[in-house]
Amino acid sequence: MTAQSFEFDGPRGYRLAGRLELPDGDAQSWAILAHCFTCGKDSLAASRVARALAAHGIGVLRFDFAGLGNSGGSFADTTFAADVDDLVAAGNAMTRDGKSPSILVGHSLGGAAVLMAAGEMPGIRAVATLGAPFDTSHVLHQFDPRSLQTIETRGEAEVLLAGRPFVVRKSFVDDLARHNLAFRIAQLRIPLLVLHSPLDATVGIENAARIFCGREAPQELHFPGQRRSPAYAPGRRRLCRRDDSDLGQPVSGSRTVNDSSSA
């Protein structure tokens with residue numbers, strides 16, 4: 179496997195820095211990997227996932243969102259919507275370079291971003307999320323209450339995230355509430371792989387269940403170390419509530435599937 183730099187222009191005029199992980203031989207397909215909140219393309223998770231996919235014949239672009247890593251722009255000026263736009267721009271740049279992406283992979287808030295971006299990228303044929311939140315505002319759980327209050331009253335605050343200081347503005351916080359991720363998940367008509375550790379202390383496992391249950395036609399959900407999801411019982415397996423007032427809620431509702439086969 180080899181790697182090479184890949185830079186492209188973002189939609190807001192910033193130059194975005196990326197890295198292409200190339201498989202040995204011709205790529206079977208191309209993917210874009212979105213890193214977690216404040217992480218960057220060179221984070222351990224992004225690096226390992228990209229290289230693992232390349233080892234299986236999939237070429238991967240991982241890039242720094244605007245304001246992070248080697249990309250241009252200021253983190254203080256970014257929003258979740260801007261990250262989604264950066265993903266779309268990355269797809270367009272790859273297509274112009276003869277590497278049209280068909281797969282989106284996202285880690286944590288990057289997972290929410292790829293779920294939003296998939297509907298704006300007609301060439302995408304599959305999406306995978308790793309530890310993704312069901313609600314974009316979930317990321318605010320990482321902020322201390324005093325910082326959130328300062329952002330509300332003064333318009334911005336310096337916030338410690340993963341031990342590093344970042345200036346976060348009210349525009350970022352307000353933008354998070356504007357995105358209906360549940361609607362985008364329900365409208366997704368391509369294969370979706372949801373990966374989530376049951377021990378995730380940052381984004382709880384219930385987020386994976388809600389993403390899974392938000393699909394129009396969910397099939398089966400597995401957790402590591404368990405033969406069957408605890409949501410299922412042989413013969414009559416409860417899946418998810420499916421009414422408009424509670425879209426995406428996990429089991430304890432009324433929708434069931436009859437299936438006497440073993441999984």
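Quick note on the working numbering: the sequence shown kicks off at 179 and runs consecutively. Even glycine gets a Cβ: it sits at the ideal position worked out from N, Cα and C.
### Query
Hey, V372 and T307 are a contact pair by Cβ (cut 8 Å); roughly how many whole angstroms apart?
6 Å
- [ ] Check D322 in the structure and name its three-state DSSP category.
- [x] When secondary structure is reduced to three states using DSSP, D322 falls in the coil class, being assigned neither helix nor strand.
Start and end residues, alpha helix (DSSP H) containing E384
384-391
On a Cα-Cα basis, can you pick out the residue from A232, L370, F344, S278 that is closest to T180? A232
- Check the C-beta distance from V283 over to L293 and give it rounded, since I have them as a contact under 8 Å. So it is not a contact: roughly 11 Å between Cβ atoms.
Measuring CA to CA, which of C391, G250, G333, S286 is closest to I363? Taking only the C-alpha atoms, the option nearest I363 is C391.
Exercise for the section: Would you grab the beta carbon distance between A290 and T314 for me? Rounded to a whole angstrom, and I think it's under 8 Å. Expected result: 5 Å
### Backbone CA spacing between S221 and R342 [nearest angstrom]
14 Å
**Q.** Per DSSP, cross-strand counterpart(s) of I236
**A.** S207
Between which two residues does the alpha helix (DSSP H) holding I363 run? 359-365
Q. Does DSSP put L222 in a helix, in a strand, or in coil?
A. helix
With 16 other Cβ atoms within 10 Å as the buried cut-off, status of H319: exposed
Exercise for the section: Using beta-carbon positions only, say whether I302 and A296 come within less than 8 Å of one another. Expected result: yes
* Asked: Under 8 Å between the Cβ atoms of R190 and A254?
  -> no
- Shortest alpha-carbon distance to V317 belongs to which of I389, G382, A271? G382
Inset, instruction - State the Cα-Cα distance for the pair P376 and C214, rounded to the nearest angstrom. - result: 18 Å
Just curious, the alpha helix (DSSP H) that A290 is in, first and last residue? 287-295
*asked:* Let me make sure I understand the geometry here. Which of R226, G237, R347, N385 has the alpha-carbon closest to that of S280?
replied: Nearest of R226, G237, R347, N385 to S280, Cα basis: G237.
*Pull up the distance between the alpha-carbon of F186 and that of V351, whole angstroms please.*
If I take the Cα positions, the gap works out to 27 Å.
Legend entry - Spatial distance of S207 from H234 (CA atoms): Put simply, the backbone Cα of S207 is about 10 Å away from that of H234.
* Can you round the beta-carbon distance between S249 and A195 to whole angstroms, since I take them to be within the 8 Å contact cut? -> 5 Å
Who are the near neighbours of Q327 in its chain, counting only those whose CB is closer than 8 Å to its CB and skipping five residues on each side?
So the list is empty, once near-sequence residues are dropped.
* To do: Name the two residues that bound the continuous alpha helix (DSSP H) containing A271.
  => Where A271 is concerned, the enclosing alpha helix (DSSP H) stretches over 258-274.
For this session: May I ask which residues mark the beginning and end of the alpha helix (DSSP H) holding D352?
Result: 348-354
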